[in-house]
Amino acid sequence: MGRPEAELDGLMDRLADGDRSAFTPLFEALYPRAVSVARRRLDDAHAEDAAQRTMTAVFARAVEFTPGRPVLPWFYAIAANETHAIARKVRVAASREAPAASASLVPAEGDPESALSRAEIRALVREAVAALDPLSAAAIESHLADDPDAGPRSPALRKRLSRAYARLRSSLGAGTIGAEKSAVTGTKGES
Amino acid sequence: MTAYELSSRIARRAYEGARIRRGLVRACGLGVLLGLIAVVAIGGGALAWLPVFAAVWTFLEWRGGALLRGGRVGALFGALVALVPTSLFMACCRLGCSMAGGVCCNTSRACAGIGALVGLGLAALLARLPAQERSRATLGAALGVVATAVPRCAGLMVGEGLGLVLGLIVGTAAAGVVCTVVDRIRQPAM
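These protein sequences, in sequence, are chains V and X.
Take any residue in the first sequence, note its place counting from 1, add 40, and you have its number in the working numbering.
Take any residue in the second sequence, note its place counting from 1, add 36, and you have its number in the working numbering.
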């Protein structure tokens, strides 16, 4: 970074004119600046990437550089753009990974926390069933213990079951009955 | 390879690529302009030479510097040559002369003479450039003048075209050498 600004201007003028001997000293002077700009916003690995993109953009646009103009403001504008672009990419990538990471925080089926909440719900439903009239309780217990392949039930039994679930629903709260029933049966139940 | 070296290589490639792209775009633009002049002044056959101009001009733009500055001056003179009427190049082919007449219709020398004159005029302009870039500018001018004058060859025969091109190159080179020698003589002894 030791080169004076006027010298950099001269080097860029020469490079814009086609003098290749100006390339190496100009690159040596600008690369550390590009890395420094990028490190203010990015981690080391991404900063290297941003610096590389900055230098590529600077030298690709060197042919458009107007001789006589100061090189550093032009260079820093490009460096800021490239760093911003990389930072945005990193942010987008991080936000894509975030839902997956938060999904892993939700307890899975076999989690102790999940097992505990299922046991609590089961106890709650048993209490509510026991609090029902004997006919409704018997209908629900027989339904929960039923073999799903047992065949069609009679219309009277279906009606009794429906009324029993309606009473259970009103005693537990309408929104939770499906979850509670599935917690009791271990499957996703009908509400 | 370190990140620095990799970046340096990629940046260098980007720089060269950008110069070539810009050279191609400018060569196409100037080629269209030259094509229009050539069609009006020489005829449709002149268009066949335009790829030569495009290739030479792309090269000059890519290299840039003194080569390109000389090439620009050369291109101006080359365009003038393209505008010279064909009758001037074939001045000796008047009524009564025949192709089989040998000396009478051998216009290659006339073409070479015109080329040399243009080349000398061109070199007089190049003499104004700084001495250190004169050799490269002379080379660029020779390339530029040949690239833009070459459609003229469509209206000439092979020998005449060759005479014109060689005349241009020799004229430019000779004047360039003279300028270089004069510069060295003028240079104060260290």
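Glycine included, each C-beta is placed from N, C-alpha and C at the ideal position.
Closer than 9 Å at the beta carbon, the chain V residues around residue i
i              : result
residue 104(X) : 57, 58
C-alpha gap between residue i and residue j, whole angstroms
i              : j              : result
residue 154(X) : residue 66(X)  : 21 Å
residue 215(X) : residue 58(X)  : 32 Å
residue 160(X) : residue 152(X) : 12 Å
residue 205(X) : residue 187(X) : 16 Å
residue 113(X) : residue 181(X) : 6 Å
residue 178(X) : residue 107(X) : 7 Å
residue 110(V) : residue 47(V)  : 10 Å
residue 82(X)  : residue 43(X)  : 45 Å
residue 45(V)  : residue 203(X) : 47 Å
residue 88(V)  : residue 39(X)  : 7 Å
residue 125(V) : residue 117(V) : 12 Å
residue 47(X)  : residue 66(V)  : 11 Å
residue 138(X) : residue 68(X)  : With a pLDDT of 47 at residue 138(X), under the threshold of 50, the modelled position of that residue is not reliable, and no figure is offered here.
residue 209(X) : residue 217(X) : 12 Å
residue 78(V)  : residue 213(X) : 52 Å
residue 159(V) : residue 177(V) : 19 Å
residue 173(X) : residue 81(V)  : 47 Å
residue 75(X)  : residue 185(X) : 13 Å
residue 74(V)  : residue 100(X) : 27 Å
residue 176(X) : residue 95(X)  : 10 Å
residue 102(V) : residue 52(V)  : 7 Å
residue 91(X)  : residue 105(X) : 17 Å
residue 199(V) : residue 153(V) : 36 Å
residue 85(V)  : residue 45(X)  : 19 Å
residue 206(V) : residue 130(V) : 52 Å
residue 196(V) : residue 175(V) : 13 Å
residue 157(V) : residue 182(V) : 24 Å
residue 61(V)  : residue 84(X)  : 37 Å
residue 71(V)  : residue 63(V)  : 12 Å
residue 32(X)  : residue 43(V)  : Chain X is shown from 37 up to 226; residue 32(X) falls before or after that span and cannot be answered.
residue 49(V)  : residue 58(V)  : 14 Å
residue 171(X) : residue 89(X)  : 21 Å
residue 62(X)  : residue 219(X) : 33 Å
residue 158(X) : residue 166(X) : 15 Å
residue 37(X)  : residue 96(V)  : 17 Å
residue 69(V)  : residue 107(V) : 18 Å
residue 185(V) : residue 83(V)  : 59 Å
residue 105(V) : residue 113(V) : 12 Å
residue 76(V)  : residue 41(X)  : 17 Å
Residues that residue i contacts on chain X, provided the C-beta gap is smaller than 9 Å
i             : result
residue 62(V) : By Cβ distance, chain X contributes nothing, its closest Cβ being about 11 Å from residue 62(V), past 9 Å.
Whole-angstrom C-beta distance between residue j and residue i, which should lie under 8 Å
i              : j              : result
residue 208(V) : residue 169(V) : 6 Å
residue 71(X)  : residue 60(X)  : That belief does not hold up - the Cβ atoms of residue 71(X) and residue 60(X) are roughly 16 Å apart, past 8 Å.
residue 204(V) : residue 172(V) : 7 Å
residue 77(X)  : residue 119(X) : 5 Å
residue 50(X)  : residue 99(V)  : 5 Å
residue 94(V)  : residue 127(V) : Going by Cβ atoms, the distance from residue 94(V) to residue 127(V) rounds to 13 Å, so no, they are not a contact pair.
residue 233(V) : residue 90(V)  : Chain V is shown from 41 up to 231; residue 233(V) falls before or after that span and cannot be answered.
residue 169(X) : residue 111(X) : Between residue 111(X) and residue 169(X) the Cβ distance is about 17 Å, and since that is not below 8 Å, they are no contact.
residue 56(X)  : residue 98(X)  : 5 Å
residue 207(X) : residue 156(X) : 5 Å
Under 8 Å by beta carbon: chain X residues contacting residue i
i             : result
residue 96(V) : 43, 46, 47, 50
residue 99(V) : 47, 48, 50, 51, 54
residue 71(V) : 40, 43, 44
residue 46(V) : Within 8 Å Cβ-Cβ: nothing; residue 46(V) doesn't reach chain X, min ~21 Å.
residue 91(V) : 39, 43
7 Å Cβ cut-off: residues of chain X touching residue i
i              : result
residue 88(V)  : 39
residue 67(V)  : 44, 47
residue 103(V) : 54, 55, 58
residue 125(V) : Per Cβ cutoff of 7 Å: no residues; residue 125(V) is ~16 Å from chain X at best.
Neighbour flag for residue i against chain B, beta carbons, 9 Å
i              : result
residue 181(X) : Checking the listed chains, one finds no chain B in this structure; the protein chains it contains are V and X.
- Query: Just by C-beta distance, which residues in the stretch 164-177 of chain X are closer than 8 Å to chain V?
  - Reply: Hits within the stretch: zero.
- Mind checking the stretch 47-58 of chain X against chain V and listing, in chain order, the residues whose C-beta falls within less than 8 Å of any C-beta there? So the close ones are 47, 48, 50, 51, 53, 54, 55, 58.
- Message: Short of 7 Å Cβ to Cβ, which residues in the stretch 90-118 of chain X face chain V?
- Response: Taking 7 Å as the cut-off between beta carbons, the residues of the stretch 90-118 of chain X near chain V are 99, 100, 101, 104, in sequence order.
- Query: Along the stretch 107-121 of chain V, what residues have a CB closer than 7 Å to any CB found in chain X?
  - Reply: Those would be none; no residue qualifies.
- Item | Residues of the stretch 155-169 of chain V with Cβ closer than 9 Å to any Cβ of chain X, in chain order | Hits within the stretch: zero.
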